[in-house]
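S.K.:
Residue numbers (the numbering used here): 27 to 166.
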């Protein structure tokens, strides 16, 4: 069971990611319902905005309907969106797209690829790359 994730074929060519309940319990991952997901994801999106304000970085942002768009002085963007069917936050940046799973035991979002980089660490790194200035964003 690679990375505790399984794919199941949906209608047509649509694929949905599902977390195997057995694998989740073995890995110590807490399952959450859709309401809990929205509460945690919405709070995270608000926390990212606060982190930007606290950092002093020159980043404009706008949140509409659970989609948070960060825009840098050079016109590049990073976009966050909630993905309830997958229970993930997705981030689109100039360097690619990234998916984050919530690790309840650590109370943080972790990228589901590579070295499981924590959301704020990756966002700081990618913001620095895109803006050309050092950006350090901290989790609350």
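We put the CB at the ideal spot given by N, CA and C, even for glycine.
What residue from 166, 165 and 151 has the CA that sits closest to residue 159's CA?
M.R.: 151
S.K.: Return the residue from the list 105, 67, 60 and 74 that minimises the CA-CA distance to residue 156.
M.R.: 105
S.K.: What does the Cβ neighbour count give for residue 69, buried or exposed, with the cut at 16 atoms within 10 Å?
M.R.: exposed
S.K.: Once DSSP output is grouped into helix, strand and coil, what is the label at residue 55?
M.R.: With a pLDDT of 48 at residue 55, under the threshold of 50, the predicted position of this residue should be treated as unreliable, though the coordinate-derived value follows. It is coil, neither helix nor strand.
S.K.: Using DSSP with H/G/I as helix, E/B as strand and the rest coil, what is residue 152?
M.R.: DSSP places residue 152 in helix when its eight states are reduced to three.
S.K.: Pairs of beta-carbons, one from the region 91-105 and one from the region 118-125, closer than 8 Å: are there three or more?
M.R.: yes
S.K.: When burial is assigned at 16 or more other CB atoms within 10 Å of the CB, is residue 153 buried or exposed?
M.R.: buried
S.K.: For residue 86, which of 98, 93 and 94 has the nearest alpha-carbon?
M.R.: The residue among 98, 93 and 94 with its C-alpha nearest the C-alpha of residue 86 is 98.
S.K.: As a quick exercise: from 142, 84, 148 and 72, pick the residue whose alpha carbon is nearest that of residue 101.
M.R.: Checking every option, the nearest Cα to that of residue 101 belongs to 84.
S.K.: Could you tell me which residues DSSP puts in a beta bridge with residue 118?
M.R.: 105 and 123
S.K.: Count the other CB atoms within 10 Å of the CB of residue 141; is the residue buried (16 or more) or exposed (fewer)?
M.R.: exposed
S.K.: Short of 8 Å in beta carbon distance, which residues of its chain neighbour residue 78, apart from the five on each side in sequence? Order them along the chain.
M.R.: For residue 78, same chain residues with a beta-carbon under 8 Å away, outside a window of 5 residues either side, are 85, 87, 96 and 163 in chain order.
S.K.: Identify the continuous beta strand (DSSP E) that holds residue 89 and give its terminal residues.
M.R.: 85-90
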